[in-house]
Structure formats: C-alpha cells, structure tokens
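Quick note: to get our numbering, add 157 to the position in the sequence shown (first position is 1). Every residue, glycine too, gets a C-beta built ideally from N, C-alpha and C. The structure displayed is predicted, hence computed values, not measured ones. First the structure, in the form of structure tokens, and then the observations on it.
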Amino acid sequence: MQLMKTIRTIHEIELEGGLIANLRWSPDGRLLAIPTESGSIVIFEKEKGSVLRTIGHHEGRVTAVAWDRKGECILTGSVDLSIGLWRVATGERAPFTIQGHAMPVHTIEWTDEEAYAITCSADRLRVLDGACLLAGWRKEDEDRVNEVASFVVASCSRQSTFLMAFVADDGRLLRLVSLISGDILSSSQLSSSARCVAWSPAGDVLATGDDSGVSLRQCTQEGFEGAPIRLCEPGKPVRAVSFAPGGEFLAAADDDGIEVWRLRSRRRAASYLNPRSSVAPVPVFHPFEPLVAMTDPSGHKLLLLDLSDDS
Numbered sequence: 158m159q160l161m162k163t164i165r166t167i168h169e170i171e172l173e174g175g176l177i178a179n180l181r182w183s184p185d186g187r188l189l190a191i192p193t194e195s196g197s198i199v200i201f202e203k204e205k206g207s208v209l210r211t212i213g214h215h216e217g218r219v220t221a222v223a224w225d226r227k228g229e230c231i232l233t234g235s236v237d238l239s240i241g242l243w244r245v246a247t248g249e250r251a252p253f254t255i256q257g258h259a260m261p262v263h264t265i266e267w268t269d270e271e272a273y274a275i276t277c278s279a280d281r282l283r284v285l286d287g288a289c290l291l292a293g294w295r296k297e298d299e300d301r302v303n304e305v306a307s308f309v310v311a312s313c314s315r316q317s318t319f320l321m322a323f324v325a326d327d328g329r330l331l332r333l334v335s336l337i338s339g340d341i342l343s344s345s346q347l348s349s350s351a352r353c354v355a356w357s358p359a360g361d362v363l364a365t366g367d368d369s370g371v372s373l374r375q376c377t378q379e380g381f382e383g384a385p386i387r388l389c390e391p392g393k394p395v396r397a398v399s400f401a402p403g404g405e406f407l408a409a410a411d412d413d414g415i416e417v418w419r420l421r422s423r424r425r426a427a428s429y430l431n432p433r434s435s436v437a438p439v440p441v442f443h444p445f446e447p448l449v450a451m452t453d454p455s456g457h458k459l460l461l462l463d464l465s466d467d468s
C-alpha cells in the first residue's frame, strides 16, 4: 500500500448521538459500527457514504463494540453495565447476558475465526467461547488472570494465533496470555503508562501506546521475543494505535491528531492534525483499503480519511 503525505478527508458526517468512540469496521469492510454517547450504535455504509441504520438503545453511553465473523451481529458494552448482542440487519437485540463485570465493559473483541471472545472492564477480564458466548476458560484460569486489577485495555491477536495482551495496574503492567491454555506467557512492568494496544494483521507484532510514544513487541506462544522497539517519540501521550492492512504502517494518535509510521524504516509517512481538538482521535484502518475512520476534533463527527497515493 502506498500512502500520500497529505491525508485527504472524503467524508465528514455529523451524528446526533453525542460523543463517538471505539469505531469498528465489519470484517468485510462494508460497514462501520459507531458507538455513541446517547446509547445507540450508528451503522455507517462505506459505499454510499451515509448512515445505514441506528441500532439500540442502551441506557447509557456505548463504550465498546465488536463484530462477529460474518458481519451479521455486533456485541456492545455500555456504562449502564449491560452487554448487548444485536442483529445488524434488523436491529433486534438477543435475550443475552454476560455475568461477572461490576464496572462498564470498555473492550470487547472476537478472534478472527470466532473461537474466542473477550470482554474487559476495569475490574475484570473475561474469556468466552466465541460461538456460544459462555465461559471459555476454567474458573481457576480466569481467576488467575484476574489476580491483577485496574484493567485499561485488552486485545486478541490476528491470524488465529490465539494470543491475548492486556494492560492492567492503571497502565503500568503489560501481560501476554495464551487463549488456548490460559497461561500467562510474559509480564512486563512499564516505565510509562500504556493506554492502548493493537495487533498487526501480519505477524504477531503487538503495538502499545503510552505516555511517551509507541513500543513494538514480537510475540509467540512462548512469550515476548526480544526487546521492545520504540517506534516514535511524539512527546505527547498516545491515545490509540492502529495497524494498516498488511501491517506495514501504523497510525498513532495523540491529542493533536494522528501520525502514520512506516514500520520497516520507522519513519513518518503521513500526518493529520486536529487543530483545537477537545477529544483525542481514535483512528481505525479499513481492513482492506488505505482508509482511516476517526472522530473530528469535537468528537461528534465521523471523518473518513483517504491515505492512498494518487501519483
């Protein structure tokens, strides 16, 4: 994928649901799920450049969303402490409950092949069977992972390699876990508080964004491999990280906007500034195309950015 040095906005849509966050593309890249402050989930259709439908309602702000493998259903978390399972075509909510969280779920993910799902709140991380959404681990395995507290974020690896990384202890502890066995493979005490993680779609490379930049770690079922690589030092806390399709680029977002880095050379490839931003953008690469979805400086508008090189 070739990137242009100047990123072009191709869609800018104001939504009526209040602040938006944690955008997620469907597996086929056709639809974008947009959690909103009002408790609804807006479904944006890329080809038409418009809202397809609005799903919900939660009784509080929607904090997380994940797509199933076929792109037919979404799983959502909310500050109302509920987790919803919705059929996208109809907006119908399934009679479904996940127990175990005493605080709002801030992270929900399915693995690519849907063998596992995870839900994570500040107080607890749960691993579920991805098909039936019942407990996926023995209770003792889940309790062992939850011996720490103050979970910040969690994420599953790509390519069916069944790894999970999470940040706990208010951002100071990074752990790598096997989804297959429940074993804790590696632990790392961080010198700078981490706020976000992302897995590369090509190779088990884990990116963590913290108060001073981005670190890259190679991961295996044996644990972290080698020393972490510092990708950039933007001088401001990194709020979100996202890999491009193919894994050759990574977007890092701080309060001023996003910077896209070429991983092989570790050099900046493109940037997009958010002047007078009150909300840090959360960039999400399209699964197949050089497109990024994120919020505008106010946090109320959806921006769709074209990163392709037209030359």
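- Annotation: the continuous beta strand (DSSP E) that includes Val-362 extends over 362 to 367.
- Under the criterion of beta carbons closer than 8 Å, Ala-292 and Leu-285 qualify as touching, at roughly 6 Å.
- In the displayed model, Gly-383 falls within a strand according to three-state DSSP.
- Under the Cβ criterion (8 Å, minimum of three pairs), the stretch 292 to 305 does not count as touching the stretch 236 to 249.
- Membership of Lys-458 in the beta strand (DSSP E) is indicated by the continuous run 458 to 465.
- For Val-236, the CB contacts under 7 Å within the same chain, skipping 5 residues up- and downstream, are Gly-217, Arg-218, Thr-220, Pro-261 in chain order.
- Fully enclosed beta strand (DSSP E) runs of no fewer than 3 residues occupy 240 to 244, 262 to 267, 273 to 278, 282 to 286, 310 to 313 of the stretch 232 to 316, in order along the chain.
- Here Ala-409 really is in contact with Val-395; their C-beta atoms are around 5 Å apart, less than 8 Å.
- Nearest Cα to Asp-411 within the set Thr-264, Lys-393, Gly-404: Lys-393.
- For Ala-306, the closest alpha carbon among the candidates Trp-294, Ser-317, Val-324 is that of Val-324.
- Beyond the five residues adjoining it in sequence on each side, His-443 comes within less than 8 Å, by CB distance, of Trp-182, Gly-186, Lys-203, Pro-402, Val-449, Ala-450 in the same chain, given in chain order.
- Taking all protein chains in view, the Cβ of Asp-327 is surrounded by fewer than 16 other Cβ atoms within 10 Å, so the residue is classified as exposed.
- Within the same chain, Cβ atoms closer than 6 Å to the Cβ of Cys-376 are found at Leu-320, Leu-333, Asp-361, Leu-363, the five residues on either side in sequence being excluded.
- The C-alpha of Ala-397 is placed about 5 Å away from the C-alpha of Val-439.
- Taken atom to atom, the span from the alpha-carbon of Val-309 to that of Arg-425 is near 27 Å.
- Taking all protein chains in view, the Cβ of Arg-374 is crowded by 16 or more other Cβ atoms within 10 Å, so the residue is classified as buried.
- At a Cβ-Cβ threshold of 8 Å, His-214 and Gly-234 do not count as neighbours.
- By the criterion of a C-beta distance shorter than 6 Å, Ile-212 is surrounded in its chain by Ile-198, Trp-243, Gly-248, once the five residues flanking it on both sides are discounted.
- The alpha-carbon of Leu-460 is positioned some 13 Å away from that of Asn-179.
- Distance from Ala-311 to Ile-341 at the Cβ level is roughly 13 Å; contact not present, criterion being Cβ atoms closer than 8 Å.
- From the listed residues Glu-379, Phe-381, Gln-378, Phe-406, the smallest Cα separation to Leu-388 is found for Phe-406.
- Just measuring C-alpha positions, the residue of Cys-313, Glu-270, Trp-418, Leu-420 sitting nearest Cys-277 is Cys-313.
- For the options Ile-265, Tyr-273, Asp-280, the alpha carbon positioned closest to that of His-258 is the one of Asp-280.
- Taking Gly-380 as reference, the option from Arg-421, Tyr-429, Arg-352, Thr-318 with the minimal CA-CA separation is Thr-318.
- In the structure shown, Asp-185 adopts coil according to DSSP, grouped into three states.
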